[in-house]
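A.B. asks: Here's a structure for you.
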Amino acid sequence: MQEETLTGWLLWSRPPARLLDEIVVTDQDGVTVANRPLPYGTVGTRGWDVTLRDLGFERLGGWMPATDGYLCRIRRTPPPPAAVLARTA
2 MQEETLTGWL LWSRPPARLL DEIVVTDQDG VTVANRPLPY GTVGTRGWDV TLRDLGFERL
62 GGWMPATDGY LCRIRRTPPP PAAVLARTA
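The opening position of the sequence shown corresponds to residue 2 in the working numbering, with each subsequent residue numbered one higher.
Written out as structure tokens, the structure is:
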């Protein structure tokens with residue numbers, strides 16, 4: 002089974018249309034899979050990674066500069082093993 006190719010984008014704010022920086026996840030066709038504005042005051046890649054994890058994704062490589070922000074290759078976060086789920090139920 003081939004793994005999904007996903008891209009994470011950090012898009013800089015563009016007032017008045019977009020007041021906060023935003024994380025957007027797209028598939029190989031450029032279709033938006035998930036998105037979320039960053040919390041006000043978020044600075045640096047650590048906050049971007051936290052938002053990606055909150056959306057259910059993890060970064061596979063470094064953030065690279067893009068026209069309106071940054072981009073990176075990502076994948077869906079694998080579900081926890083069944084044994085972990087059984088202990089938390």
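C-beta atoms are modelled at their ideal positions from N, C-alpha and C, and glycine is treated no differently.
Considering only DSSP beta bridges, list what Gly9 is partnered with.
C.D. replies: Val26, Cys73
A.B. asks: Using DSSP bridges, identify the partner residues of Thr33.
C.D. replies: In the DSSP secondary-structure assignment, Thr33 is bridged to Thr27.
A.B. asks: Check the DSSP bridge columns for Glu59 and list the partner residues they point to.
C.D. replies: Arg76
A.B. asks: How would you label Thr52, buried or exposed, when you count the other beta carbons within 10 angstroms and need 16 or more for buried?
C.D. replies: buried
A.B. asks: Who pairs with Pro66 in a beta bridge, going by DSSP?
C.D. replies: Tyr71
A.B. asks: Buried or exposed: where does Asp22 fall if 16 or more other Cβ atoms within 10 Å of its Cβ makes it buried?
C.D. replies: buried
A.B. asks: Going by DSSP, which residues form a beta bridge with Arg15?
C.D. replies: Arg19
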